[in-house]
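S.K.:
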Amino acid sequence: MASRVERIEQIEGSKAVARAVAACRPQVVAAYPISPQTHIVEEVSRLVRTGELTPCQYVNVESEFAAMSMCIGASAAGSRAYTATASQGLLFMAEALFNASGLGLPIVLTVANRALGAPINIWNDHSDSLSQRDSGWIQLYARDNQQAVDLHPLAFRLAEELSLPVMVCMDGFVLTHAVERVELPGQEAVDAFLPPFRPAQLLAPEQPMTIGAMVGPEAFTEVRYLAHTRHLRALTVLPRLAEEFRAAFGRDPHAVLGEAHLEPGGTVVLAMGSVLGTLADAVDELRAEGLPVGLLGLTLYRPFPAEALRLALARAGRVVVLERALAPGVGGIVSADLAAALHGLPDPPEIRTVIAGLGGRPITKASLCRMLADATAGRLPELLFLDLERDVVERESGLLEKAPDEEGAT
Amino acid sequence: MTGTRFYQVGSYAAGNRLLDPASRAEQSRAGRPNSLTMGHRACRGCGEALAARYVLDAAERATGGRIVTVNATGCLEVFSTPYPESAWRLPWLHSLFGNAPAVAAGVAAALRAQGRTEVRVIGQGGDGGTVDIGFGCLSGMFERNDDVLYVCYDNQAYMNTGVQRSGATPPAARTATTLPVGGDPGAPFGQGKDLPRIALAHGIPYVATATVAGLRDLEAKAARAMDLHGARYLHVLSPCPLGWGTGSGEAVRIARLAVESGVFPVFEAVDGEITGVERIRRPVPVEEYLRPQRRYAHLFKPEPRPDVIARIQQAADRNIVRYHLLDPDEQAAQGS
Ligand SMILES: Cc1ncc(C[n+]2csc(CCOP(=O)(O)OP(=O)(O)O)c2C)c(N)n1
Ligand code: SF4
Numbered sequence: 199m200a201s202r203v204e205r206i207e208q209i210e211g212s213k214a215v216a217r218a219v220a221a222c223r224p225q226v227v228a229a230y231p232i233s234p235q236t237h238i239v240e241e242v243s244r245l246v247r248t249g250e251l252t253p254c255q256y257v258n259v260e261s262e263f264a265a266m267s268m269c270i271g272a273s274a275a276g277s278r279a280y281t282a283t284a285s286q287g288l289l290f291m292a293e294a295l296f297n298a299s300g301l302g303l304p305i306v307l308t309v310a311n312r313a314l315g316a317p318i319n320i321w322n323d324h325s326d327s328l329s330q331r332d333s334g335w336i337q338l339y340a341r342d343n344q345q346a347v348d349l350h351p352l353a354f355r356l357a358e359e360l361s362l363p364v365m366v367c368m369d370g371f372v373l374t375h376a377v378e379r380v381e382l383p384g385q386e387a388v389d390a391f392l393p394p395f396r397p398a399q400l401l402a403p404e405q406p407m408t409i410g411a412m413v414g415p416e417a418f419t420e421v422r423y424l425a426h427t428r429h430l431r432a433l434t435v436l437p438r439l440a441e442e443f444r445a446a447f448g449r450d451p452h453a454v455l456g457e458a459h460l461e462p463g464g465t466v467v468l469a470m471g472s473v474l475g476t477l478a479d480a481v482d483e484l485r486a487e488g489l490p491v492g493l494l495g496l497t498l499y500r501p502f503p504a505e506a507l508r509l510a511l512a513r514a515g516r517v518v519v520l521e522r523a524l525a526p527g528v529g530g531i532v533s534a535d536l537a538a539a540l541h542g543l544p545d546p547p548e549i550r551t552v553i554a555g556l557g558g559r560p561i562t563k564a565s566l567c568r569m570l571a572d573a574t575a576g577r578l579p580e581l582l583f584l585d586l587e588r589d590v591v592e593r594e595s596g597l598l599e600k601a602p603d604e605e606g607a608t
Numbered sequence: 248m249t250g251t252r253f254y255q256v257g258s259y260a261a262g263n264r265l266l267d268p269a270s271r272a273e274q275s276r277a278g279r280p281n282s283l284t285m286g287h288r289a290c291r292g293c294g295e296a297l298a299a300r301y302v303l304d305a306a307e308r309a310t311g312g313r314i315v316t317v318n319a320t321g322c323l324e325v326f327s328t329p330y331p332e333s334a335w336r337l338p339w340l341h342s343l344f345g346n347a348p349a350v351a352a353g354v355a356a357a358l359r360a361q362g363r364t365e366v367r368v369i370g371q372g373g374d375g376g377t378v379d380i381g382f383g384c385l386s387g388m389f390e391r392n393d394d395v396l397y398v399c400y401d402n403q404a405y406m407n408t409g410v411q412r413s414g415a416t417p418p419a420a421r422t423a424t425t426l427p428v429g430g431d432p433g434a435p436f437g438q439g440k441d442l443p444r445i446a447l448a449h450g451i452p453y454v455a456t457a458t459v460a461g462l463r464d465l466e467a468k469a470a471r472a473m474d475l476h477g478a479r480y481l482h483v484l485s486p487c488p489l490g491w492g493t494g495s496g497e498a499v500r501i502a503r504l505a506v507e508s509g510v511f512p513v514f515e516a517v518d519g520e521i522t523g524v525e526r527i528r529r530p531v532p533v534e535e536y537l538r539p540q541r542r543y544a545h546l547f548k549p550e551p552r553p554d555v556i557a558r559i560q561q562a563a564d565r566n567i568v569r570y571h572l573l574d575p576d577e578q579a580a581q582g583s
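As structure tokens, this is what we get:
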């Protein structure tokens with residue numbers, strides 16, 4: 199039998215992901231450095247240089263826009279294409295991101311999640327990938343480095359089955375720079391799981407094809423409708439592939455949802471990414487004290503697994519959505535999707551939004567426990583900024599909005 | 248369609264009907280590939296359509312039909328691919344306005360990774376997609392020496408969006424954003440990019456300029472470019488009847504006047520060194536080139552602007568000296 203596990207290592211998340219990507223045998227990697235993605239592409243470039251990843255063209259490009267554009271060309275020419283970025287780099291790619299999905303090109307992109315400026319901030323939150331929510335990319339969020347590793351072969355497989363691009367999001371620094379125990383999948387097992395790329399459309403002189411025609415009003419809606427239905431197919435294809443993955447590698451990749459302790463009437467906290475680790479500890483602690491608290495991790499964010507969430511949350515009393523990004527003027531981003539998904543349930547749970555960990559602010563277990571205890575007691579406001587420093591807010595707003603008549607006021 | 252009707256009306260070029268078949272122009276061969284086939288939606292007399300057809304047919308022949316094409320957004324892309332139709336008979340991809348050089352480089356990287364180096368890549372775009380929004384990607388492609396021939400069809404403005412100024416719009420020309428009003432009518436002097444010279448400075452294997460007035464030359468340059476590997480750049484002056492305000496039968500004549508006046512130098516360079524120029528056979532003052540174009544009408548009436556025309560003449564004269572465009576004999580005669 200092919201080795202399921204090549205080795206178990208204490209390894210940095212970025213390196214682990216780079217090795218997993220290499221095992222997927224991308225043929226073209228074009229990347230531009232940005233913290234905290236750098237270690238991923240450095241390691242991939244090293245693997246290409248040393249011949250451990252071959253045949254592969256690693257291209258040092260002049261921008262993220264060029265990186266994604268090169269991936270578009272490479273993918274259309276029939277090569278498995280990969281890149282990684284974060285934050286401003288993802289925004290710089292934005293125009294090409296929509297294009298890659300519109301053209302149906304199965305590119306895989308790792309996002310080392312980082313806040314968006316201004317103010318410039320290199321630390322982690324999810325505002326970068328969530329800003330590309332409607333780019334037509336499938337979005338997966340890893341809770342730890344093991345899952346980040348596992349999601350990559352799965353992402354290539356999914357992308358190529360659907361002919362759609364997939365974004366694997368992992369928290370910058372928190373995961374990318376953390377050294378953890380990770381099982382790296384064996385090359386033979388990955389080869390068995392991920393067959394060579396067979397493109398659905400190909401630029402080849404043998405069979406000339408026009409890709410990227412100009413579509414007018416008479417057919418644009420139809421083309422977009424088809425894109426929507428194809429995107430939705432991930433909801434059925436991904437669970438099947440996850441099952442195959444489990445059979446091949448002996449691990450459940452929790453590709454759609456990961457849940458624990460969901461019980462009728464209880465409070466469930468829903469979150470994406472590395473905060474799920476701290477949340478699991480907090481939930482355990484509160485449950486030991488007898489509080490009915492459960493946990494739901496969201497791996498697949500686009501397409502939004504509305505049906506799976508309805509099933510999981512139908513009997514919850516209250517859902518706290520812990521969000522790592524902010525939609526200014528609205529509040530939570532995931533909360534809005536969840537509210538739409540739960541709409542029409544006979545006895546829908548109350549939804550609360552908690553904005554936490556923006557720009558790398560640590561999310562401590564103590565704060566989470568306090569917040570969840572408040573939630574179960576029904577004391578949580580509709581929108582809460584966790585650990586907001588009131589004195590900083592007051593000082594800054596005082597500076598910004600210094601009104602003349604406030605001077606001298608007590 | 249059969250039969251060939253290729254000869255240049257009113258030109259000083261020899262027609263090729265008397266040549267032996269082997270040395271005839273690609274377009275005069277019955278077996279020409281028609282890469283960009285009839286029925287597309289270009290305006291009548293479009294220089295860009297003419298140039299693209301010549302470049303790609305010649306490149307097809309030079310490579311035995313093993314080409315992949317990548318196109319920037321612009322007239323050429325829009326008029327050739329109205330879904331569900333396509334005027335392209337070779338593999339063709341459109342992605343965005345500003346990324347054709349990078350997409351083409353990605354195709355080249357993929358072919359290299361697959362060991363399919365016999366398949367060659369051509370990127371193409373208008374002057375806007377090339378000198379402005381796609382410039383970063385183009386420079387990156389040059390700097391990495393990616394195995395791509397990039398062709399710029401220079402019609403000197405953003406035609407597809409309604410004739411606005413680009414970084415290649417010449418001084419004094421009227422566009423929708425450089426109107427002939429105010430003290431300095433038209434596009435300003437001292438701005439804009441001379442991309443062939445910027446390409447030269449990258450030291451890439453091949454840089455050439457050409458026009459639709461020298462179609463045999465254009466074919467030959469496209470073919471020569473396909474004989475070489477690495478980053479190659481071909482800049483083709485492609486008059487636009489709509490944007491320049493010229494008759495639909497005039498693209499070739501106007502392009503010839505651009506060459507003969509020195510406004511557009513035609514040269515070829517290998518590894519950053521100029522190896523050949525097209526000499527001016529019948530020198531003309533720039534006025535002869537400017538006068539038939541409505542985009543320069545404000546230089547002639549209601550108020551003639553000999554001062555502006557003189558500045559354009561100066562630039563043309565500088566080209567003539569810089570690129571040695573006149574025959575030494577003729578130059579001596581001119582000087583006397
Ligand atoms: C990012 C972006 N900005 C603007 C446009 C609008 N746009 C499309 S084509 C074009 C001008 C094309 O000009 P040029 O490259 O010179 O080609 P031409 O149409 O003149 O052949 C512009 C501005 C676009 N498609 N994408
Ligand atoms: S506007 Fe100009 S470049 Fe565009 S199709 Fe018409 S003639 Fe050609």
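Protein sequences, first through last, are from chains A and B.
Numbering-wise, this note's numbering comes out as the position in the first sequence, counting from 1, plus 198.
Numbering-wise, this note's numbering comes out as the position in the second sequence, counting from 1, plus 247.
Think of the CB as a built atom: it goes at the ideal place given N, C-alpha and C, for glycine as much as any other residue.
Out of B/GLY353, B/ALA296, B/ALA272, which one is the CA nearest neighbour of A/GLU401?
M.R.: One point to set straight first is that residue 401 of chain A is Leu, not Glu, in the sequence displayed. Checked all of B/GLY353, B/ALA296, B/ALA272; the closest Cα to A/LEU401 is B/GLY353.
S.K.: Determine the DSSP secondary structure at B/ASN402, reduced to helix, strand or coil.
M.R.: coil
S.K.: Mapping DSSP to helix, strand and coil, what is B/VAL315?
M.R.: In this structure, B/VAL315 counts as strand in the three-state DSSP scheme.
S.K.: Who are the neighbours of A/CYS269 on chain B, taking C-beta pairs under 8 Å?
M.R.: Within chain B, the residues placing a beta-carbon under 8 Å from that of A/CYS269 are GLY353, ordered along the chain.
S.K.: On the CB-based measure, 16 or more other CB atoms within 10 Å of its CB, does A/ILE206 come out buried or exposed?
M.R.: exposed
S.K.: At a CB-CB cut-off below 8 Å, which residues of chain B make contact with A/PRO403?
M.R.: GLY312, ARG313, ILE314, VAL315, LEU337, PRO338, VAL366
S.K.: So for A/ARG508, helix, strand or coil by DSSP?
M.R.: helix
S.K.: Compute the distance between the beta-carbons of A/VAL347 and A/ALA214, then report whether it is under 8 Å.
M.R.: yes
S.K.: Near B/SER413, what residues of its chain come up, given a Cβ to Cβ distance below 6 Å and the 5 sequence neighbours on each side ignored?
M.R.: ASP374, GLY375, ASP379, ALA404, TYR405
S.K.: By DSSP, does B/ASP374 sit in helix, in strand, or in coil?
M.R.: helix
S.K.: Compare the Cα-Cα distances from A/ALA573 to each of A/VAL413, A/LEU498, A/ARG550, A/TYR280 and report the closest residue.
M.R.: A/ARG550
S.K.: Taking the straight line between their C-alpha atoms, what separation do you get for A/ALA298 and A/THR427?
M.R.: 17 Å
S.K.: Check the Cβ of A/GLY410 against every Cβ in chain D and list those closer than 7 Å, keeping chain order.
M.R.: The structure shown contains no chain D; its protein chains are A and B.
S.K.: Decide if the region 559-578 of chain A is in contact with the region 472-479 of chain A; the criterion is three or more beta carbon pairs, one per stretch, under 8 Å apart.
M.R.: yes
S.K.: Between A/ALA275, A/ALA282, A/ARG522, which has its C-alpha nearest A/VAL242's C-alpha?
M.R.: That would be A/ALA282, whose Cα lies nearest to the Cα of A/VAL242.
S.K.: So which residues of chain A does B/ALA360 contact, with C-beta pairs closer than 7 Å?
M.R.: GLN225, VAL226, PRO253, CYS254, GLN255, SER277
S.K.: Where does the unbroken beta strand (DSSP E) through A/ALA229 begin, and where does it stop?
M.R.: 226-229
S.K.: For A/ASP342 and A/LEU373, what's the separation of their Cα atoms in angstroms?
M.R.: 6 Å
S.K.: Given 7 Å as the limit, tell me if B/CYS293 has its C-beta closer than that to any heavy atom belonging to ligand 2.
M.R.: Because some heavy atom of ligand 2 lies under 7 Å away, the Cβ of B/CYS293 counts as near it: yes.
S.K.: Determine the DSSP secondary structure at A/GLN399, reduced to helix, strand or coil.
M.R.: coil
S.K.: What's the gap between the Cα of A/LEU433 and the Cα of A/PRO501?
M.R.: 7 Å
S.K.: Going by alpha carbons, who is nearest to B/ALA557 out of B/GLY312, B/ALA419, B/ALA357?
M.R.: B/ALA419
S.K.: Looking only at its own chain, which residues have a Cβ that is under 7 Å from the Cβ of B/MET473, when we skip the five neighbours before and after it?
M.R.: ALA306, ALA309, THR310, ARG367, LEU396
S.K.: Report all residues from its chain with a CB closer than 6 Å to the CB of B/GLU515; omit the five preceding and five following residues, and keep chain order.
M.R.: ALA455, THR522, GLY523
S.K.: Between the alpha carbons of A/HIS237 and A/LEU245, how many angstroms are there, rounded?
M.R.: Their backbone Cα atoms lie some 12 Å apart in a straight line.
S.K.: Mind checking if B/TYR480 is an interface residue toward chain A, Cβ cutoff 8 Å exclusive?
M.R.: no
S.K.: Taking the alpha-carbon positions, what's the B/VAL510 to B/GLU535 distance?
M.R.: B/VAL510 and B/GLU535: Cα-Cα distance of roughly 11 Å.
S.K.: Is the shortest distance between the beta-carbon of A/GLU260 and the beta-carbons of chain B less than 8 Å?
M.R.: With 8 Å as the cut-off, A/GLU260 counts as an interface residue toward chain B.
S.K.: Less than 8 Å between the C-beta atoms of B/LEU484 and B/ALA469, yes or no?
M.R.: no
S.K.: Is any non-hydrogen atom of ligand 2 found closer than 7 Å to the C-beta of B/CYS290, if you look at the structure I gave you?
M.R.: yes
S.K.: Any contact of the region 274-293 of chain A with the region 481-491 of chain A, i.e. 3+ C-beta pairs under 8 Å?
M.R.: no
S.K.: From the beta carbon of B/CYS384, is the nearest beta carbon of chain A less than 8 Å away?
M.R.: yes
S.K.: Closer than 7 Å by beta-carbon distance: list the chain A residues that pair up with B/VAL302, in chain order.
M.R.: Result: empty, since nearest Cβ-Cβ is about 16 Å, beyond 7 Å.
S.K.: With a threshold of 8 Å between beta carbons, is A/GLU293 in contact with chain B?
M.R.: Output row for A/GLU293: interface = yes.
S.K.: Check whether chain B comes within 8 Å of A/GLY495, counting only Cβ atoms and requiring the distance to be less than that.
M.R.: Chain B contact via Cβ: absent.
S.K.: Apply the 10 Å Cβ neighbour rule to A/MET569 and answer buried if 16 or more other Cβ atoms are within range, or exposed otherwise.
M.R.: buried
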